[in-house]
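A.B. asks: As numbered in the working numbering, residues 128 to 570 make up the sequence shown, in order. Glycine included, every Cβ here is placed at the ideal spot set by N, Cα and C.
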Amino acid sequence: MTQTKRGGLPLHWLMLIGFVVGLGAGLFVNLTLGSDVAWVEWLTANVTGPIGQIFLRLLFMMVIPLLFSALVIGVAEMGDLASLGRAGLKTLLLTILISGIAVVIGLGMVNLLQPGRGVDPALAQSLLEQGRAGAANIVENAPTSISLGDFFLDLVPSNVFTAAAENAILPVMVFALFFGIGLVMAKSPATDRLQEVIQGLFEVTMKLINLFIKLAPLAIACLMFNLAALFGVELLIRLAAYVGVAVGAMAIHMFVVYPLVVWLLGGMSPVAFFRGVREPMIVAFSTASSNASLTFSLRAAEEQLHLPRKIARFVLTVGATANQNGTALFEGVTVLFLAQFFGIDLTLTQQVVVMLVCILGGVGTAGVPAGSLPVVAMILVMVGVPAEGIGLILGVDRFLDMCRTTLNVTGDLALATIVSRGESDDSLQDGPDPAPLAPAKSA
Numbered sequence: 128m129t130q131t132k133r134g135g136l137p138l139h140w141l142m143l144i145g146f147v148v149g150l151g152a153g154l155f156v157n158l159t160l161g162s163d164v165a166w167v168e169w170l171t172a173n174v175t176g177p178i179g180q181i182f183l184r185l186l187f188m189m190v191i192p193l194l195f196s197a198l199v200i201g202v203a204e205m206g207d208l209a210s211l212g213r214a215g216l217k218t219l220l221l222t223i224l225i226s227g228i229a230v231v232i233g234l235g236m237v238n239l240l241q242p243g244r245g246v247d248p249a250l251a252q253s254l255l256e257q258g259r260a261g262a263a264n265i266v267e268n269a270p271t272s273i274s275l276g277d278f279f280l281d282l283v284p285s286n287v288f289t290a291a292a293e294n295a296i297l298p299v300m301v302f303a304l305f306f307g308i309g310l311v312m313a314k315s316p317a318t319d320r321l322q323e324v325i326q327g328l329f330e331v332t333m334k335l336i337n338l339f340i341k342l343a344p345l346a347i348a349c350l351m352f353n354l355a356a357l358f359g360v361e362l363l364i365r366l367a368a369y370v371g372v373a374v375g376a377m378a379i380h381m382f383v384v385y386p387l388v389v390w391l392l393g394g395m396s397p398v399a400f401f402r403g404v405r406e407p408m409i410v411a412f413s414t415a416s417s418n419a420s421l422t423f424s425l426r427a428a429e430e431q432l433h434l435p436r437k438i439a440r441f442v443l444t445v446g447a448t449a450n451q452n453g454t455a456l457f458e459g460v461t462v463l464f465l466a467q468f469f470g471i472d473l474t475l476t477q478q479v480v481v482m483l484v485c486i487l488g489g490v491g492t493a494g495v496p497a498g499s500l501p502v503v504a505m506i507l508v509m510v511g512v513p514a515e516g517i518g519l520i521l522g523v524d525r526f527l528d529m530c531r532t533t534l535n536v537t538g539d540l541a542l543a544t545i546v547s548r549g550e551s552d553d554s555l556q557d558g559p560d561p562a563p564l565a566p567a568k569s570a
């Protein structure tokens, strides 16, 4: 994560300050006055509530251009599929597979341990009604049930602009995936220019999100005040449980899944693998930035893991934007935790949708401070959970950001190890040069 500063302090410290101030003020009001005092109700309805809503709407406004441009560029950077051959195909398939495993672990942990359960239903329902006023009423307008055939049919949009206008995110992401594949297959000077235009859209979108994120400290304070004034001390207990489940799920993926796939699919000893990637792991955790650790990852891949240089560079630079296991896992855990917190039971179909969006969203998440925030907020709206709930997790997001960035970077190296098995630099001799350093994926 970049150390964006405002008033001389890094942004994550300002977000933490906003979290503490909002939480403290809300707890004080809850414990001394209660949440039903007239002036407290007026303040939450006319000041803190609208400020939080404006922040969320700014993020919602950028969801479609962000995911479309990031997903298209992420796929297009795979290079010439014909020249890359099985190396490119294995990278794409393994990215989806390992990210899918990460999300399943996260969703399984939340379903098993239920960190968001136990909140007073009356209080949760009260905040739920407040949240529905500021978020799109997608669930009320959606069918109560859907067949599996209809679900897959709805993934393919008959009109992508209509899908975007109706906030149907999954069809838009499917269109973006095919559009990116088309850019790879139809290489020409014209498509190169088109890719540059989409890259420009991606950069403008990230710049605007960077601008909007500067409002996060104030928005977090307002959102946390509303939540703490309503829920009180119970909020702290649920927040600790959320952090424990998220870190536990990441630890399982790091120390169980990665060693298994490196050993079984990559043919390398897990001990040798982790010994070789210690340096980039430390850099990733301490900086929460994949950009800062990418140079160390490239060096570790070549000097410690002894992977073919060109394949390692290709996989690591593509993986820096497309292989975000930690981000996908974090998004899934967060969405289910908040659904439990507000007493919303997600069906198996809805959880499958969450899993798919998290896998695709991991590819399309911007490498900016709190870059996964728009994706998390979008998924919350999709499944009918108050988007204001994201204020719960932003105060502890810095620590979780460090953990999931470490998982992301280690996953890139594990993916490079697997793809390199049976390959050599000669297998990519006709392929394009490795892409330039990818943006940080601290999200």
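What would DSSP say about Pro177, mapped onto helix, strand or coil?
C.D. replies: Helix.
A.B. asks: Can you tell me where the alpha helix (DSSP H) holding Asn337 begins and where it ends?
C.D. replies: Start and end: Pro316 to Ile340.
A.B. asks: Where does Leu136 fall in DSSP's three states?
C.D. replies: Three-state result, Leu136: strand.
A.B. asks: Report buried or exposed for Ile364, applying the criterion of at least 16 other Cβ atoms within 10 angstroms of its Cβ.
C.D. replies: Looking at its Cβ environment, which holds fewer than 16 other Cβ atoms inside 10 Å, Ile364 is exposed.
A.B. asks: For Glu429, which three-state DSSP category applies?
C.D. replies: Looking at Glu429 - three-state DSSP - the assignment turns out to be helix.
A.B. asks: Could you please give the first and the last residue of the uninterrupted alpha helix (DSSP H) stretch that includes Thr454?
C.D. replies: Start and end: Asn452 to Phe468.
A.B. asks: Counting only the same chain and skipping the five closest in sequence on each side, list residues whose C-beta sits under 7 angstroms from that of Ala373.
C.D. replies: So the qualifying residues of the chain are Phe457, Val460 and Leu527.
A.B. asks: Taking the C-alpha atoms as reference points, what is the distance between Asn238 and Met482?
C.D. replies: Rounded to the nearest angstrom, the two C-alpha atoms are 13 angstroms apart.
A.B. asks: Taking DSSP as the reference, what is the three-state secondary structure of Gly145?
C.D. replies: Reduced to three states, the DSSP call for Gly145 is helix.
A.B. asks: Hey, could you find the ends of the alpha helix (DSSP H) Arg402 is sitting in?
C.D. replies: Its alpha helix (DSSP H) spans residues Pro397 to Gly403.
A.B. asks: Buried or exposed for Gly327, going by 16 or more other Cβ atoms inside 10 Å?
C.D. replies: Flag for Gly327 reads exposed.
A.B. asks: Quick one: what's got a C-beta closer than 6 angstroms to Gly516's C-beta in the same chain, skipping five residues either side?
C.D. replies: Taken in chain order, the residues that qualify are Leu465.
A.B. asks: Quick one: what does DSSP say Asn286 is sitting in, helix, strand or coil?
C.D. replies: Coil, per DSSP.
A.B. asks: Is Met509 helix, strand or coil when you go by DSSP?
C.D. replies: Met509: helix per DSSP, three-state reduction.
A.B. asks: Does the region 531-549 come close enough to the region 431-442 to have 3 or more Cβ pairs within less than 8 angstroms?
C.D. replies: Yes: the two stretches touch, three or more of their Cβ pairs being nearer than 8 angstroms.
A.B. asks: Under the rule that 16 or more other beta-carbon atoms within 10 Å means buried, what is Met236, buried or exposed?
C.D. replies: With 16 or more Cβ atoms within 10 Å of its Cβ, Met236 is classed as buried.
A.B. asks: Does the Cβ of Phe305 have 16 or more other Cβ atoms within 10 Å, making it buried, or fewer, making it exposed?
C.D. replies: Looking at its Cβ environment, which holds fewer than 16 other Cβ atoms inside 10 Å, Phe305 is exposed.
A.B. asks: Output needed for Leu136: all residues of its chain with C-beta closer than 6 angstroms, excluding positions within five of it in sequence on either side, in chain order.
C.D. replies: For Leu136, where only same-chain residues beyond five positions count, there are no Cβ hits under 6 angstroms.
A.B. asks: Could you tell me the alpha carbon to alpha carbon distance between Gly453 and Asn173, rounded to whole angstroms?
C.D. replies: Using only the alpha carbons, I get a separation of about 37 angstroms.
A.B. asks: In the DSSP assignment, the alpha helix (DSSP H) including Pro386 goes from what residue to what residue?
C.D. replies: Element bounds for Pro386: Tyr385 to Leu391.
A.B. asks: Leaving out the 5 sequence neighbours to the left and right, which residues in its chain are closer than 6 angstroms to Phe574 when beta-carbon positions are compared?
C.D. replies: This structure leaves residue 574 out entirely; the chain is present only between 128 and 570.
A.B. asks: Should Ala411 and Val331 be called a contact, given that it needs their Cβ atoms to be closer than 7 angstroms?
C.D. replies: Going by C-beta atoms, Ala411 is not nearer than 7 angstroms to Val331.
A.B. asks: Does the contact criterion of 3 or more C-beta pairs under 8 angstroms hold for the region 185-195 versus the region 379-394?
C.D. replies: Counting Cβ pairs under 8 angstroms, fewer than three are found: no touch.
A.B. asks: Just how far apart, CA to CA, sit Trp140 and Ala303?
C.D. replies: Whole-angstrom Cα-Cα distance: 35 angstroms.
A.B. asks: Where Ala343 and Val383 are concerned, what is the direct C-alpha to C-alpha distance, given to the nearest angstrom?
C.D. replies: Those two C-alpha atoms are separated by around 35 angstroms.
A.B. asks: So Leu345 and Val484 are supposed to be a Cβ contact under 8 angstroms. How far apart are they, rounded?
C.D. replies: Incorrect: roughly 28 angstroms between the Cβ atoms, too far for contact.
A.B. asks: What's the gap between the Cα of Leu425 and the Cα of Arg440?
C.D. replies: Going from the Cα of Leu425 to the Cα of Arg440 covers about 6 angstroms.
A.B. asks: Return the chain-ordered list of same chain residues with a C-beta closer than 7 angstroms to the C-beta of Thr115, the five sequence neighbours on each side being excluded.
C.D. replies: In this structure the chain extends from 128 to 570, so residue 115 is not present and cannot be described.
A.B. asks: Closest by CA to Pro192, which one among Arg531, Phe288 and Gln478?
C.D. replies: Looking at the Cα atoms, Phe288 is the closest of the given residues.
A.B. asks: Just the Cα atoms here: how many angstroms apart are Arg244 and Phe468?
C.D. replies: Approximately 6 angstroms between the Cα atoms of the pair.
A.B. asks: For Asp472, does the three-state DSSP call read helix, strand or coil?
C.D. replies: If DSSP states are grouped into helix, strand and coil, Asp472 belongs with coil.
A.B. asks: With a CB to CB cut of under 8 angstroms and the five nearest residues on each side skipped, what residues in its chain are close to Ile225?
C.D. replies: So the list reads Val384, Val388, Asn450, Asn452, Gly538, Ala541 and Leu542, once near-sequence residues are dropped.
A.B. asks: Put Pro192 into one of helix, strand or coil per three-state DSSP.
C.D. replies: Reduced to three states, the DSSP call for Pro192 is helix.
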